[in-house]
Every structure is written in structure tokens, then in C-alpha cells.
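Visitor:
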Amino acid sequence: MSDYMIGYGSLLSSYSRRTYSGIQSEIRPVIATGWRRGWTVRYGDEAATYAGVRPVAGHILHAALVPTEITDALRHRERGYVFTELDPSSVHPAGEDRSDLPEGRYWIVVNREQVRADANHPIPQTYVDTCLAGCLETGGHARARAFIQATELWDAPWVNDRDTAAPLYPRRTPLDGAARAQIDGLLEECGVLKFRSRI
């Protein structure tokens, strides 16, 4: 039986998937019901906070259906999470392709704990960029806005590490100035850019 990941963070980005996890398969935009994304995940070996999810009735999670084997490398990448099998009926197509989703085992990674970002573990802009670049690839501005608006805790410590010598997020998607400006415009439009520090 085939395995599919519900990617809702950096796995949205084709560059990040291919470069850091060797995932070459085509993805589909989907919505998973009953989950809410927030800035609530830390790894013990990285000084940053990343996107996690928690079950919340009535909420929807804009994500991608990623066909992939659950390898040791993928488990290492997602080491701050528990691989949790989903009922496929809770996942629905998004975007223009309304055909049925494939049969198989559907997995989502769920936080081992819910931890809000702090000054020692801020949200890295390079991670936000990677997530939103993936949203723009799979659904344009509307999907990127949906990601921003449905994600909680933007008001936690959040740093602009794009041009630092050692960006906080090691699996980032590199972006040119135009792409950065596009993402900043979306963050401003959604009313959250004001929370980002200017380092």
C-alpha cells in the first residue's frame, strides 16, 4: 500500500523536498479537516521554532499530499513530530484538480509537544519563506494568504534571518529579491508582518 504525507510546512516547497529529502514525486494541494497549524515545534539541536499542528474541530489545514516512502531520512527531518495515520476521508482535494485522491495510508506529523516560540527559539523568516514559496507554487497568492490566515501565534518572537551569515533554518528554499518582496507583501496584507523583528 502506498504512503502519503500531509505536508503543511517546509514539505510544501519543491526545492526543500527535493534537495533535503530526495522526494521527487508530484504533489497535490489538499485540505485536511480538524487540524490547526501554529508556530509550536522545536528540535533540541536547532535554535528555532517551526510549524506544528494540533487537533481542533472545525478548522482546516491547507497542505499538500506528498507521495513518499517513510524513510529514516524523512523521520530524521521530522524528528520533532510523531507520524500519525489519518483517516483518508478527512483529506479533500484543493485547487483546480477535483479528481479523487489516491488510495493508501495517509500520514500527518503531529508535535511531540506544543511550545510557543521564544527569544532563544524564534520563528525563522527563512522557514516562513520556504513554506510560503511552496504555497505560491501550488496555489498562488490565495493559497499563501490562506496559510498565513489559518496559522496561529505569529505574534511570538520571529526574526528576519534571510541575510545573516548563518540562517536559522538549515533546509531553506533560497529566494531572490522579488520573491522575498512578494512574501513580505502577503505578510503585510494579512496584518502579521508587524510582529517580525528587524535583525
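Under the numbering used here, the letters of the sequence shown match residues 180 to 378, in that order.
Cβ atoms here follow ideal geometry from the backbone N, Cα and C, with glycine treated the same way.
Helix, strand or coil, according to DSSP, for Val307 in the structure here?
Guide: Of the three classes helix, strand and coil, the one that applies to Val307 here is helix, per DSSP.
Visitor: Along the chain, where does the beta strand (DSSP E) containing His241 start, and where does it finish?
Guide: Here the beta strand (DSSP E) through His241 covers Tyr229 to Pro246.
Visitor: Distance check for Gly313 and Gly319, CA to CA, integer angstroms please.
Guide: Computed Cα separation, rounded: 9 Å.
Visitor: In this structure, does DSSP put Leu265 in helix, strand or coil?
Guide: It is a strand residue.
Visitor: Mind checking which residues open and close the alpha helix (DSSP H) that includes Gly213?
Guide: First-last for Gly213: Arg207 to Val220, but that is the beta strand (DSSP E), not the alpha helix (DSSP H).
Visitor: Is the beta carbon of Phe374 closer than 8 Å to that of Asp334?
Guide: Cβ distance < 8 Å, so Asp334 and Phe374 count as in contact.
Visitor: Determine which residues share a DSSP beta bridge with His300 and list them.
Guide: The partner list for His300 (beta bridge, DSSP) reads Asp297.
Visitor: Going by C-alpha distance, which of Thr212, Tyr260, Thr219 and Asp224 is nearest Gly383?
Guide: The structure shown has nothing for residue 383, since the chain only spans 180 to 378.
Visitor: Within 10 angstroms of its Cβ, does Asp251 collect 16 or more other Cβ (buried), or is it exposed?
Guide: By the 10 Å Cβ count, Asp251 comes out exposed.
Visitor: Please state the DSSP three-state secondary structure of Tyr183.
Guide: If DSSP states are grouped into helix, strand and coil, Tyr183 belongs with the strands.
Visitor: Within 10 angstroms of its Cβ, does Ser268 collect 16 or more other Cβ (buried), or is it exposed?
Guide: Exposed, because fewer than 16 other Cβ atoms sit within 10 Å of the Cβ of Ser268.
Visitor: With 16 as the cutoff for other CB atoms within 10 Å, does Gly364 come out buried or exposed?
Guide: Exposed.
Visitor: Pick from Pro281, Val371 and Thr219: whose alpha carbon is nearest that of Gly259?
Guide: Per the Cα distances, Thr219.
Visitor: Determine the extent of the beta strand (DSSP E) in which Ile287 is found, giving its start and end residues.
Guide: Looking at the DSSP string, the run of the beta strand (DSSP E) that includes Ile287 is Arg284 to Asn290.
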